[in-house]
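Below is one structure, written out as structure tokens; comments come after it.
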Amino acid sequence: MHIPDGFLDLQISALTYLLAALSIGLAVYWLQKHGVNEGRVPLLGVLAAAIFAAQMLNWPIPGGTSAHFVGSGLAAVLLGPLQAVLVLASVIAVQTLVFGDGGLTALGANVFNMAVVGVFAAFTVYRVFERRSRVSGAFLAGWFGAVSAAVACGLEIGSSSIFAYSITATVPVMFGWHALLGVVEGFATSAAVAFILKSSPHLLGVAEVRSG
Amino acid sequence: MKKALFVIAVLIILTPFFTYAAELVGYSEPLENVAAALGVEEGAPLYRGILPDYTVSGLDPYVGALISAAMGSAAVFLLVYGLFRLTRR
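Residue numbers (our numbering), protein chains in the order written: chain A, 1 to 212; chain B, 213 to 301.
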């Protein structure tokens with residue numbers, strides 16, 4: 001889902017950089033105002049590293065594509081939206097700057113899609129469904145996180161004057177692919193949440209209270 | 213914390229195997245498939261990164277993927293740790 005260089009025109013690139021920067025700025029402001037428990041800081045780093053490592057695993061799907069974990073849903077469920085925005089933005093920044101995964105001109109868009117749109121969509125869905133079942137809510141959070149980020153990506157490349165197709169083509173195609181691939185994301189997210197609920201349930205509750 | 217570190221270590225160790233499996237099916241990113249389906253070709257990147265495409269120059273791609281996974285995980289940990297240290301109470 002990482003948009004490469006050459007897909008976004010200057011206006012879309014600048015707009016998404018602005019939106020990403022504003023989102024990160026607001027998250028930092030809010031967290032500085034309310035503070036992050038110092039004891040949780042190493043855990044946040046470990047979770048971010050785990051999301052990065054999980055994204056490295058490309059699950060092969062016969063037919064020539066792959067599904068890899070995005071992590072918007074898992075980060076939103078475990079950390080709440082504000083901490084998740086910073087964690088995902090850090091992962092995407094390292095992927096782009098160290099590994100060239102995603103274009104420099106599209107870094108703002110990639111951060112906005114996966115770390116902002118995906119995170120807030122996932123968190124909203126999870127909050128709606130968590131009372132019925134946290135694990136099912138996590139599945140839906142994973143699915144909505146991946147699909148909403150993909151739709152945002154489709155809107156951006158379809159609105160770009162240098163991309164040959166409009167949003168009427170890009171959005172349905174991006175939605176279609178990721179509606180299927182999002183099922184893998186949903187299962188991975190719900191499996192991770194089920195594991196944490198069983199092994200360290202306090203992590204889930206604390207994260208929600210701190211960042212909610 | 214130990215469990216989380218163990219999970220990360222397992223994920224890193226699995227990276228070369230998934231790299232190999234992805235090659236077996238002619239892996240490409242979903243967005244690349246979308247672009248191909250629409251007849252759009254990806255241009256040359258403006259910047260290729262320090263370890264382009266999760267490889268290490270001169271090394272086997274599977275070893276490169278393993279090193280990239282380890283280095284990337286460490287880089288992300290340090291970045292997030294530093295970022296959140298600024299906002300701690």
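In this text, a Cβ means the ideal position worked out from N, Cα and C, and glycines have one as well. It should be emphasised that the depicted structure is a prediction, and the values quoted were computed from it without experimental measurement.
* To do: Please determine if the segment 102 to 115 of chain A and the segment 3 to 10 of chain A are in contact, where contact requires at least 3 C-beta pairs separated by less than 8 Å.
  => Verdict: yes, contact present.
* To do: Spatial neighbours of Leu140 (chain A) within its chain, please: CB distance less than 6 Å, with the 5 preceding and 5 following residues excluded, ordered by chain position.
  => Residue 140 (chain A) sits at position 140 when you count from the first residue of the first sequence. Around Leu140 (chain A), the same chain offers Val125, Phe129 as residues with beta carbons nearer than 6 Å, after the five sequence neighbours per side are excluded.
* Asked: With 9 Å set as the bound, which would you pick, yes or no: does the beta-carbon of Leu271 (chain B) sit closer than that to a beta-carbon of chain A?
  -> As a first step, residue 271 (chain B) must be located in the second sequence, where it is residue number 59. No, no contact with chain A.
* Leaving out five residues on either side along the sequence, give the residues of the same chain with a beta carbon under 7 Å from the beta carbon of Ala217 (chain A). => Here chain A comprises residues numbered 1 to 212, so residue 217 (chain A) is not present and cannot be evaluated.
* With a floor of 4 residues, list each alpha helix (DSSP H) that falls wholly inside the segment 31 to 109 of chain A, ordered by position along the chain. => The alpha helix (DSSP H) runs of length 4 or more contained entirely in the segment 31 to 109 of chain A are, from start to end of the chain, 41 to 55, 72 to 79, 81 to 99.
* Does the beta-carbon of Glu235 (chain B) have 16 or more other beta-carbons within 10 angstroms, so that it is buried, or is it exposed? -> Position 23 of the second sequence, counting from 1, holds the residue named residue 235 (chain B). Label assigned to Glu235 (chain B): exposed.
* Compile a chain-ordered list of the residues in the segment 109 to 126 of chain A whose CB is closer than 7 Å to at least one CB of chain B. => Answer in chain order: no residues at all.
* May I ask you to report which of helix, strand or coil DSSP gives His2 (chain A)? => The count along the first sequence starts at 1 and reaches residue 2 (chain A) at position 2. The three-state reading of DSSP puts His2 (chain A) in coil, since its state is none of H, G, I, E or B.
* Assigned exposure category for Gly272 (chain B) - 16 Cβ within 10 Å defines buried -> In the second sequence, counting from the first residue as 1, residue 272 (chain B) sits at position 60. This sequence places Asp at residue 272 (chain B); Gly is not what is there. Under this definition Asp272 (chain B) is an exposed residue.
* **For Ala207 (chain A), three-class secondary structure by DSSP** => Numbered from 1 along the first sequence, position 207 holds the residue referred to as residue 207 (chain A). Any answer about Ala207 (chain A) is weak, because its pLDDT of 49 lies below 50 and its placement is not dependable; what the coordinates show is given next. The DSSP-derived three-state label of Ala207 (chain A) is helix.
* To do: Check whether the Cβ atoms of Ile220 (chain B) and Ala49 (chain A) lie closer than 9 Å to each other.
  => Mapped onto the second sequence, residue 220 (chain B) falls at position 8. Mapped onto the first sequence, residue 49 (chain A) falls at position 49. Cβ atoms of Ile220 (chain B) and Ala49 (chain A): closer than 9 Å.
* To do: Kindly indicate if chain A contains any beta-carbon less than 9 Å away from that of Ile262 (chain B).
  => Within the second sequence, numbered from 1, the residue matching residue 262 (chain B) stands at position 50. Contact of Ile262 (chain B) with chain A is assigned, a C-beta pair being separated by under 9 Å.
* To do: State the start and end residues of the unbroken alpha helix (DSSP H) segment that holds Phe229 (chain B).
  => Position 17 of the second sequence, counted from the start, is the residue given in the question as residue 229 (chain B). Where Phe229 (chain B) is concerned, the enclosing alpha helix (DSSP H) stretches over 214 to 236.
* Find the residues of chain A that neighbour Tyr259 (chain B), judging by a C-beta separation of less than 7 Å, and give them in chain order. => In the second sequence, the residue the question calls residue 259 (chain B) occupies position 47. The contacting residues are Gly100, Leu104.
* Asked: In whole angstroms, what separates the C-alpha of Gly118 (chain A) from that of Asn110 (chain A)?
  -> Counting from one through the first sequence, the residue named residue 118 (chain A) turns up at place 118. Counting from one through the first sequence, the residue named residue 110 (chain A) turns up at place 110. About 10 Å.
* To do: Assign Pro172 (chain A) to buried or exposed, taking buried as 16 or more other Cβ atoms, counted over all protein chains shown, within 10 Å of its Cβ.
  => Within the first sequence, residue 172 (chain A) is the residue found at index 172, counting from 1. Burial is judged here by how many other beta carbons sit within 10 angstroms of a residue's own beta carbon; Pro172 (chain A) has fewer than 16 and is exposed.
* When burial is assigned at 16 or more other CB atoms within 10 Å of the CB, is Arg131 (chain A) buried or exposed? -> Taking the first sequence and counting its residues from 1, the one referred to as residue 131 (chain A) is at position 131. Looking at its Cβ environment, which holds fewer than 16 other Cβ atoms inside 10 Å, Arg131 (chain A) is exposed.
* Mind listing, in chain order, the continuous beta strand (DSSP E) runs of no fewer than 3 residues lying wholly within the segment 124 to 172 of chain A? => With a minimum length of 3 residues, no continuous beta strand (DSSP E) run stays inside the segment 124 to 172 of chain A.
* Asked: Exposed or buried, which one is Phe296 (chain B) when buried takes at least 16 other CB atoms within 10 Å?
  -> Here residue 296 (chain B) refers to the residue found at position 84 when the second sequence is read from its first residue. Classification of Phe296 (chain B): buried, given that the 10 Å Cβ count is 16 or more.
* **Nearest residue (CA-CA) to Val87 (chain A), options A:Ala76, A:Ser160, A:Trp30** => By 1-based counting over the first sequence, the position of residue 87 (chain A) is 87. It is A:Ala76 whose Cα lies nearest to the Cα of Val87 (chain A).
* **Simplified DSSP assignment, three categories, for Gly255 (chain B)** => As a working mapping, residue 255 (chain B) is identified with position 43 in the second sequence. Collapsing the DSSP output to three states places Gly255 (chain B) in coil.
* Asked: Whose C-alpha, out of A:Ile24, A:Ile167, A:Ala179, is nearest the C-alpha of Ala93 (chain A)?
  -> Taking the first sequence and counting its residues from 1, one reaches residue 93 (chain A) at position 93. It is A:Ile24.
* Asked: Just reading off the alpha helix (DSSP H) that Ala115 (chain A) is part of, what are its end residues?
  -> As a position in the first sequence, residue 115 (chain A) is number 115, starting the count at 1. Unbroken run through Ala115 (chain A): none, as it is neither H nor E.
* To do: Can you grab the Cα-Cα spacing for the pair Ser199 (chain A) / Asn58 (chain A), in whole Å?
  => In the first sequence, residue 199 (chain A) corresponds to position 199, counting from 1. In the first sequence, residue 58 (chain A) corresponds to position 58, counting from 1. Near 26 Å, if we compare the C-alpha coordinates of Asn58 (chain A) and Ser199 (chain A).
* What in chain A is Cβ-close to Lys214 (chain B), meaning under 7 Å? -> As a position in the second sequence, residue 214 (chain B) is number 2, starting the count at 1. Chain A residues near Lys214 (chain B): none, gap ~10 Å exceeds 7 Å.
* To do: Go through its chain and collect everything with a Cβ distance to Ala138 (chain A)'s Cβ below 6 Å, but skip five positions before and after it.
  => Within the first sequence, the letter at position 138 stands for residue 138 (chain A). Excluding the 5 residues flanking it on each side, Ala138 (chain A) has same chain C-beta neighbours closer than 6 Å at Val77, Thr189, Ser190, Val193, in chain order.
* Taking only the alpha-carbon atoms, compute the straight-line gap between Phe230 (chain B) and His68 (chain A) and give it to the nearest angstrom. => Residue 230 (chain B) sits at position 18 when you count from the first residue of the second sequence. Residue 68 (chain A) sits at position 68 when you count from the first residue of the first sequence. Rounded to whole angstroms, Phe230 (chain B) to His68 (chain A) spans 10 Å at the Cα level.
* **Close beta carbons around Gln55 (chain A), own chain, < 8 Å, minus the five adjacent residues each side** => For this step, residue 55 (chain A) is matched to residue 55 along the first sequence. So the list reads His68, Phe69, Val70, Gly71, Val91, Gln95, once near-sequence residues are dropped.
* To do: Look at the Cβ atom of Leu217 (chain B), then the Cβ atom of Ile3 (chain A), and state whether they are nearer than 9 Å.
  => On the second sequence, position 5 is the one that residue 217 (chain B) refers to. On the first sequence, position 3 is the one that residue 3 (chain A) refers to. For Leu217 (chain B) and Ile3 (chain A), no; Cβs fall outside 9 Å.
* Run through DSSP, which three-state label would Gly270 (chain B) get? -> The residue given as residue 270 (chain B) occupies position 58 in the second sequence. If DSSP states are grouped into helix, strand and coil, Gly270 (chain B) belongs with coil.
* To do: Compare the Cα-Cα distances from Ile262 (chain B) to each of B:Val246, B:Tyr274, B:Ala287 and report the closest residue.
  => Here residue 262 (chain B) refers to the residue found at position 50 when the second sequence is read from its first residue. Of the candidates B:Val246, B:Tyr274, B:Ala287, B:Ala287 places its Cα closest to the Cα of Ile262 (chain B).
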